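Novice: I'd like to ask some things about the structure below.
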Amino acid sequence: MSKKKALTKTKFYMLFAFIIIFAFIIFATKGLFSSAPKSMDPDDVDFANSMKRLLKDKDKDAGYIAMAQSDCFSCHDFSEKRIGPTFKEIALKYDSDYSTLRSLSSKVKTGSMGNWGGELPMTAHPTLNNKRIYLMIDWILKVDSTTTVPDLKLVSGLKSKVGTYISCIACHGQKSDGLMALKSPALAGQQDWYIKSQLVKFKNGHRGSASGDTTGALMKLAALPLSNKQMDDLSRQISRMKAEHRPATVEGNILNGKKLYRNCMACHGVDGKGNKELNSPSLLNQHDWYIVNQLSNFVDSKREHKTVDTSGKAISANYIPSEQEMKDLAAYINSLTKKKEEK
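Residue numbers (the numbering used here): 124 to 466.
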């Protein structure tokens with residue numbers, strides 16, 4: 124082989140090696156310089172780019188602070204099981220990537236039954252700012268064994284939401300209309316003294332302690348941190364909300380319900396407005412399905428702690444013998460509200 128051919132062959136191998144090395148460098152570093160992982164969908168890539176701009180230079184606890192300013196702690200806690208999973212459980216279950224962030228953020232916005240086996244769905248938050256949701260989920264997904272919960276008392280300008288209605292929105296709705304999916308009643312317009320009395324019962328365990336009373340147990344957790352003043356303030360706030368007539372959802376015989384209601388008049392009044400002296404609430408503007416549910420709970424001794432609290436025994440004594448008669452009674456009570464509005 125001539126010297127000239129050997130030189131040409133050497134140059135060829137050098138050029139080939141250069142091309143291989145260059146190609147390797149390009150593919151190896153592509154992920155480092157691209158805005159998002161190659162495997163992501165186009166929508167996720169755009170989302171990732173937006174998130175990088177949002178999270179840049181943000182305080183590491185911005186997401187936790189955003190949750191404190193919303194109603195997240197009504198259902199979730201850092202490590203204590205409440206209505207929903209703990210933040211630690213969520214972080215362990217999901218990968219901390221943009222696709223997951225986008226997916227979970229959507230669930231916060233629109234609501235979801237979730238994948239945790241619970242009987243209560245996650246409440247939708249349609250009015251919650253998207254950026255705040257992203258910050259919240261980003262913080263949760265980064266939770267690990269070294270994560271510490273920030274002291275919110277040290278956060279300038281952050282006011283506690285405990286004792287204000289924002290801590291109730293997740294279950295009772297923005298306007299306190301109640302949510303059938305969560306079996307939570309409408310509260311708007313209910314007398315403040317009655318709301319306060321029930322919060323005290325939940326806090327003391329007189330309600331929410333019976334076996335099988337899932338929603339009551341959740342309310343018990345919600346009431347535990349409330350001080351007496353906070354319960355007073357919250358009760359007044361809810362009582363001033365506008366009450367509206369609830370549409371009929373159960374099929375009941377109103378005429379038969381009227382006959383059955385005679386057993387209720389002594390405590391709740393002819394017009395269903397209630398009686399403070401007897402600690403009997405107004406029944407007006409309440410969902411008929413909730414009335415049926417609570418009648419059933421009274422009969423099954425789930426509503427009141429029978430070994431501690433004696434109120435409600437009158438309902439158990441005036442036992443409604445069938446589910447249909449409960450519906451009849453609820454239908455009549457619902458008609459009382461309608462008649463009041465028509466006057």
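Backbone N, C-alpha and C define an ideal beta-carbon position, used for all residues, glycine too. Note that the structure is predicted; figures quoted are calculated from it, not measured.
In angstroms, rounded to a whole number, what distance separates the CA positions of LYS230 and ALA247?
Specialist: Position 107 of the sequence shown, counted from the start, is the residue given in the question as residue 230. Position 124 of the sequence shown, counted from the start, is the residue given in the question as residue 247. Going from the Cα of LYS230 to the Cα of ALA247 covers about 8 Å.
Novice: Where does MET354 sit, in a helix, a strand or coil, going by DSSP?
Specialist: Against the sequence shown, residue 354 aligns to sequence position 231. DSSP places MET354 in helix when its eight states are reduced to three.
Novice: Considering TYR221, what are the terminal residues of the alpha helix (DSSP H) in which it resides?
Specialist: Position 98 of the sequence shown holds residue 221. 221-233 is the extent of the alpha helix (DSSP H) around TYR221.
Novice: When the distance is taken between beta carbons, is SER358 closer than 7 Å to ASP315?
Specialist: Stepping through the sequence shown from its first residue, residue 315 is reached at position 192. Stepping through the sequence shown from its first residue, residue 358 is reached at position 235. Yes, the pair counts as a contact, with Cβ atoms nearer than the cut-off.
Novice: Rounding to the nearest angstrom, what Cα-Cα distance links TRP262 and ASP220 in this structure?
Specialist: Here residue 262 refers to the residue found at position 139 of the sequence shown. Here residue 220 refers to the residue found at position 97 of the sequence shown. Rounded to whole angstroms, TRP262 to ASP220 spans 12 Å at the Cα level.
Novice: Less than 7 Å separating the beta-carbons of GLY467 and ALA293?
Specialist: Given a span of 124 to 466 for the chain in the structure shown, any question on residue 467 remains unanswerable.
Novice: Take the Cβ of GLY335 as the centre, count every other Cβ of all protein chains shown within 10 Å, and call the residue buried at 16 or more, exposed below.
Specialist: Here residue 335 refers to the residue found at position 212 when the sequence shown is read from its first residue. Exposed: under 16 other Cβ atoms inside 10 Å.
Novice: Can you list, in chain order, the residues of its chain with a C-beta nearer than 8 Å to that of VAL340? Leave out the 5 residues immediately preceding and following it.
Specialist: Along the sequence shown, one-based indexing puts residue 340 at 217. Note on identity: in this sequence residue 340 is Ala, with Val being the wrong assignment. Its chain contains GLY331, SER332 as the residues whose beta carbon lies nearer than 8 Å to that of ALA340, once the 5 sequence neighbours on both sides are disregarded; these appear in chain order.
Novice: Quick check on the DSSP output: the alpha helix (DSSP H) that includes VAL323 runs from which residue to which?
Specialist: Locating residue 323 in the sequence shown gives position 200, where the first residue counts as 1. Counting along the chain, the alpha helix (DSSP H) containing VAL323 begins and ends at 315-327.
Novice: Would you check whether the ligand COA has a heavy atom nearer than 6 Å to the C-beta of LYS343?
Specialist: The ligand COA is absent from the structure shown, which contains no ligands of any kind.
Novice: Tell me which residue opens and which closes the alpha helix (DSSP H) that PHE201 is part of.
Specialist: Here the question's residue 201 lines up with position 78 in the sequence shown. Per DSSP, PHE201 belongs to no alpha helix (DSSP H) and is neither H nor E.
Novice: Go through its chain and collect everything with a Cβ distance to THR152's Cβ below 8 Å, but skip five positions before and after it.
Specialist: Counting from 1 along the sequence shown, the entry for residue 152 is found at position 29. In this predicted model, THR152 has a pLDDT of only 43, less than 50, meaning its place in the structure is not dependable; the value taken from the coordinates is given anyway. So no residue of the chain qualifies.
Novice: Determine the contact status of ALA311 and SER299, defining contact as a CB-CB distance below 7 Å.
Specialist: By one-based count along the sequence shown, residue 311 stands at place 188. By one-based count along the sequence shown, residue 299 stands at place 176. Yes, the Cβ-Cβ distance between ALA311 and SER299 is below 7 Å.
Novice: Just verifying my parser: in three-state terms, what is the DSSP assignment at MET364?
Specialist: To locate residue 364, count along the sequence shown from 1; it is residue 241. Three-state result, MET364: coil.
Novice: Could you check if ALA304 is buried or exposed, using at least 16 other CB atoms within 10 Å of its CB as the buried criterion?
Specialist: Locating residue 304 in the sequence shown gives position 181, where the first residue counts as 1. So ALA304 ends up on the exposed side.
Novice: Of all Cβ atoms in chain C, is any one closer than 7 Å to the Cβ of HIS329?
Specialist: Absence of chain C from the displayed structure is noted, only one protein chain being present.
Novice: Helix, strand or coil, according to DSSP, for SER307 in the structure here?
Specialist: Within the sequence shown, residue 307 is the residue found at index 184, counting from 1. Here SER307 sits in strand by DSSP.
Novice: Under three-state DSSP, which class holds LYS153?
Specialist: To locate residue 153, count along the sequence shown from 1; it is residue 30. Any reading at LYS153 must be qualified, since the residue scores a pLDDT of 43, below 50, and its modelled position is unreliable; the value itself is stated next. Of the three classes helix, strand and coil, the one that applies to LYS153 here is helix, per DSSP.
Novice: For ASN398, which beta-bridge partners are listed by DSSP?
Specialist: Residue numbering aside, residue 398 sits at position 275 when the sequence shown is read from its first letter. According to DSSP, which records beta bridges pairwise, ASN398 is partnered with SER403.
Novice: How many Å lie between ILE93 and PRO348 at the Cα?
Specialist: Only positions 124 to 466 of the chain appear in the structure, and residue 93 is not among them; the question remains open.
Novice: Taking DSSP's pairing of strands, which residues face MET245 in a bridge?
Specialist: Along the sequence shown, one-based indexing puts residue 245 at 122. Under the DSSP definition of a beta bridge, MET245 partners with SER235.
Novice: In terms of residues, what are the limits of the alpha helix (DSSP H) holding ALA345?
Specialist: For the purposes of this step, residue 345 is identified with residue 222 of the sequence shown, where counting begins at 1. Residues 337-346.
Novice: Inspect the CB distances between the segment 369-388 and the segment 442-457 and report whether three or more fall short of 8 Å.
Specialist: Yes, they touch.
Novice: Would LEU224 and ILE260 qualify as a contact pair, given that the criterion is a beta-carbon distance under 7 Å?
Specialist: Locating residue 224 in the sequence shown gives position 101, counting from the first residue. Locating residue 260 in the sequence shown gives position 137, counting from the first residue. Yes, they are a contact pair.
Novice: So which of LYS232, ALA345, HIS295 has the shortest CA-CA distance to ASP200?
Specialist: As a working mapping, residue 200 is identified with position 77 in the sequence shown. Checked all of LYS232, ALA345, HIS295; the closest Cα to ASP200 is ALA345.
Novice: Just reading off the alpha helix (DSSP H) that ASP184 is part of, what are its end residues?
Specialist: Walking along the sequence shown from the start, residue 184 turns up at place 61. Segment: none, ASP184 is in no alpha helix (DSSP H) and carries neither H nor E.
Novice: Tell me which residues share the same chain as MET118 and place their Cβ nearer than 6 Å to its Cβ, disregarding the 5 neighbours each side in the sequence.
Specialist: Residue 118 lies beyond the residue range present for the chain, which begins at 124 and ends at 466; the question has no answer from this structure.
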